[in-house]
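Down below is the structure, laid out as structure tokens.
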Amino acid sequence: MNRDGSRDLYDRALGVLPGGVNSSVRAAPQPYPTFVQKGDGGSVVDADGNKYVDWVMGLGPLLLGHDLPESVAAAVQRRASEGPMYGMPTELEVEHAEFVARHVPSVEMVRFVNSGTEATVSAVRVARGYTGRDKVVVMQGGYHGAQESTLVEGDAGNARPSSSGIPASFAEHTIPVPFNDTEAVTEVFEEHGDDIAAVLVEPLLANKGIVEPRAGYHETLRDLTEDHGALLVFDEVITGFRVGGLACAQGEYGIDPDLTTFGKIVGGGFPVGAIGGKTDIMEAFTPVGDVFQAGTFSGHPVTMAAGLETLRYAAENDVYERVNELGARLRDGLREVVAERAPEYSVVGTDSLFKVVFTRDGESPRNGADVARANVERWNRVFRPQMRDAGVMLSQNQFEAQFVSAAHDEAAVEETIEAYRECL
Ligand SMILES: *Cc1c(COP(=O)(O)O)cnc(C)c1O
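In this text, residue positions in the sequence shown follow this note's numbering: the first is 6, and each later residue adds one.
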């Protein structure tokens, strides 16, 4: 496979983009990233014209794959041609917010922003403003975007920033706990309950895993937050409108969070984020309340059109049945391959998410630390490049989820299972 085009582009990129990329994970693939020329249904075509089955799917936003259905493409083109944005409100923002509030059980009001990071920043700010408290509890191995309050590592007694450039004082207000550990979070609430503004949790860990919640874990978080006057914030930036369909993971798990953050699919492939929740909390945002929040591009008409038409299309065309079915087929096939070739590995995922974690004992990971102990070097240096050469593009590092889209088909699933069989 000739990949000289990608190599040369990477070489050029290193001169003008730090690390050759605009988002760190893109530089993870060994020995250099694949530069994309274009998408094509469930595949991507690289700078050298090679075509791969694509399970990156934009890191999650592309529920429908790379070819937008006619209704979505037409809405996007119309909005772009009517002047891309105005800085004044449009009917589209109201319609999209109505759609989200109608389908997501806990959501009464929505504020649209421009990225998942912006959504979690605003959610943490409004949780602090609403409760008058500073501390937030997060999951070890959870990801809530590139923001100061959640880029922490360590444990409840010893939290520190996980990135240079963040004052240690931010981490003083953040308490990391292990996912799925009811005792650890109960102890944290016994000690700090009156100071905790919110628990911020992905319904399942999708950026370090995939790790699914154990029975009762989210119920424990719901009870603890309610008992102590803290907010439960579900970060559904990945799971939103993917796991549990239009009702999202909270609908699937039957949990009623106070706030939800969205991103990715809700913008149909354009830059987006959103915070949704109960009216009294959402109205703590300016201009009603006094928690400042604003954005020049927020509620961008092209994004609103893409997101709304994508979700409408999904609702009207059995998209979730289709992608979940393909996801189940993939996971079943991969379980057979893993049992045969590498029984120490674990097949994880649900709905349209899948992954083979290179665990060392065949046990499904229970938390982020279990995932971190996987054989990352083998995955990154040997396995992933081999899969790529076999025409299958997997997530860019071992820890991120892989995504099935409506543009994938049975042939792509079979090809992928066979490639795993060859490369494992
Ligand atoms: C992707 C992601 C974010 C950050 O969203 P961006 O749009 O990349 O800023 C936040 N939380 C979760 C769970 C995510 O997967």
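Every residue, glycine too, gets a C-beta built ideally from N, C-alpha and C.
Minimum C-alpha distance to residue i - residue among the options
i, options, result
"Val418", "Gly338, Phe363, Arg378 and Ser400", "Gly338"
"Glu335", "Asp13, Ile422, Leu67 and Arg165", "Looking at the sequence itself, residue 335 is Leu, so the reference to Glu does not match. Taking only the C-alpha atoms, the option nearest Leu335 is Ile422."
"Arg83", "Phe275, Gln391 and Ala310", "Ala310"
"Val248", "Asn380, Phe275 and Glu207", "Glu207"
"Phe194", "Val307, Tyr148, Arg227 and Pro172", "Arg227"
"Val99", "Ser86, Ala85, Gly88 and Met114", "Met114"
"Arg386", "Pro38, Asp13, Gly24 and Asn372", "Pro38"
"Ala124", "Lys360, Val238 and Ile180", "Val238"
"Gly274", "Val81, Gly137 and His233", "Val81"
"Lys283", "Val26, Leu73, Gly46 and Val112", "Val112"
"Ala254", "Ser29, Asn322 and Ala211", "Ala211"
"Phe109", "Ala279, Thr95, Tyr350 and Val58", "With the sequence shown as reference, residue 109 is identified as Val, and Phe is not the correct amino acid for it. Closest option to Val109, Cα to Cα, is Ala279."
"Thr122", "Pro166, Ala395 and Asp240", "Asp240"
"Pro74", "Ala412, Arg426, Leu429 and Cys428", "Ala412"
"Glu345", "Glu427, Glu153, Gly214 and Asn372", "Glu427"
"Val381", "Pro34, Gln152, Ala128 and Ala333", "Pro34"
"Pro66", "Gly272, Ser303 and Val49", "Gly272"
"Ala189", "Ser174, Val157 and Thr225", "Thr225"
"Asp9", "Leu19, Gly24, Met144 and Gly54", "Gly54"
"Phe359", "Gly396, Leu14, Asp59 and Asp16", "Asp59"
"Val129", "Ala289, Val30 and Gly63", "Ala289"
"Ala235", "Thr266, Lys213, Gly137 and Phe363", "Gly137"
"Gln403", "Gly396, Arg383 and Ser48", "Arg383"
"Ala220", "Val41, Glu192, Thr187 and Val49", "Thr187"
"Lys213", "Val343, Asp13, Ala416 and Gln407", "Gln407"
"Asp414", "Leu331, Val376 and Val353", "Leu331"
Residue i, buried or exposed, once every other Cβ within 10 Å from all chains shown has been counted against 16
i, result
"Arg133", "buried"
"Ala78", "exposed"
"Lys43", "exposed"
"Gly367", "exposed"
"Asp285", "exposed"
"Val263", "A small correction: the amino acid at residue 263 is Asp; Val does not occupy that position in the sequence shown. Result: buried."
"Arg389", "buried"
"Pro131", "Note that residue 131 is Val in the sequence shown, not Pro. By the 10 Å Cβ count, Val131 comes out buried."
"Phe117", "buried"
"Thr179", "buried"
"Asn163", "exposed"
"Pro36", "exposed"
"Gly245", "buried"
"Glu405", "buried"
"Thr291", "exposed"
"Thr355", "buried"
"Leu229", "buried"
"Ser169", "exposed"
"Gly349", "Inspection of the sequence shows that residue 349 is occupied by Glu rather than by Gly. When all chains shown are included, Glu349 counts as exposed."
"Val21", "exposed"
"Pro172", "exposed"
"Ser167", "exposed"
"Ser28", "exposed"
Residues sharing a beta bridge with residue i, DSSP
i, result
"Lys43", "Val50"
"Thr265", "Phe239 and Gly281"
"Phe408", "Leu358"
"Ser351", "Val362"
"Glu158", "Arg165"
"Met144", "Val182"
"Met439", "Outside the shown range of the chain (6 to 429) lies residue 439, about which nothing can therefore be said."
"Lys56", "Val50"
"Ile201", "Lys140"
"Phe3", "An answer regarding residue 3 cannot be provided, because it is not within the stretch 6 to 429 covered by the chain."
"Val397", "Val58"
"Leu210", "Val216"
"Phe290", "Val296"
For residue j and residue i, believed in contact at Cβ under 8 Å, the rounded distance
i, j, result
"Gly146", "Ala374", "7 Å"
"Asp139", "Asp199", "Contact flag wrong, Cβ pair sits at about 11 Å."
"Leu68", "Val324", "7 Å"
"His101", "Leu251", "Actually they are not in contact, since the Cβ atoms of His101 and Leu251 sit about 13 Å apart, beyond 8 Å."
"Val1", "Gly268", "Within the shown structure, residues of the chain are numbered from 6 to 429, placing residue 1 beyond reach of any answer."
"Ser86", "Asp51", "Contact doesn't hold; Cβ gap of about 30 Å is too wide."
"Asn185", "Tyr135", "In fact, because the Cβ distance is near 27 Å, the residues do not count as touching under 8 Å."
"His434", "Gly46", "What the structure shows of the chain is the stretch from 6 to 429, and residue 434 is not part of that stretch, so it cannot be assessed."
"Val293", "Ser410", "About 38 Å; that fails the 8 Å criterion."
"Ala347", "Leu429", "5 Å"
"Thr95", "Pro306", "6 Å"
"Gln152", "Val182", "Their Cβ separation, rounded to whole angstroms, is 18 Å, which puts Gln152 and Val182 out of contact at 8 Å."
"Val105", "Gly281", "6 Å"
"Val61", "Ile215", "Incorrect: roughly 15 Å between the Cβ atoms, too far for contact."
"Val141", "Ala203", "5 Å"
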